[in-house]
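Notes follow once the structure below has been shown.
Residue numbers (my numbering): 1425 to 1462.
So, in structure tokens, the structure goes:
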């Protein structure tokens, strides 16, 4: 959200980006595991 990123303190934005990256990694791992199950 550009409004949030523009108004929030940089450390908060960075933390949110880190959380998003971790969630994306976990989602990819879950997709791979599901694919492995068939």
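For each residue, glycine too, the CB sits at the ideal point set by N, CA and C.
Are the beta-carbon atoms of residue i and residue j separated by less than 7 Å?
i	j	result
residue 1429	residue 1437	yes
Cβ of residue i less than 7 Å from any chain B Cβ?
i	result
residue 1425	Absent here is chain B; the protein component of the structure consists of one chain.
Note down the Cα distance separating residue i from residue j, rounded to an integer number of angstroms.
i	j	result
residue 1452	residue 1431	30 Å
residue 1435	residue 1441	10 Å
residue 1407	residue 1450	Here the chain has residues from 1425 to 1462 only, and residue 1407 is not among them.
residue 1443	residue 1458	22 Å
residue 1454	residue 1439	23 Å
I'd like the list of long-range same chain contacts for residue i, defined as Cβ closer than 6 Å, with 5 residues on each side in sequence excluded.
i	result
residue 1445	none
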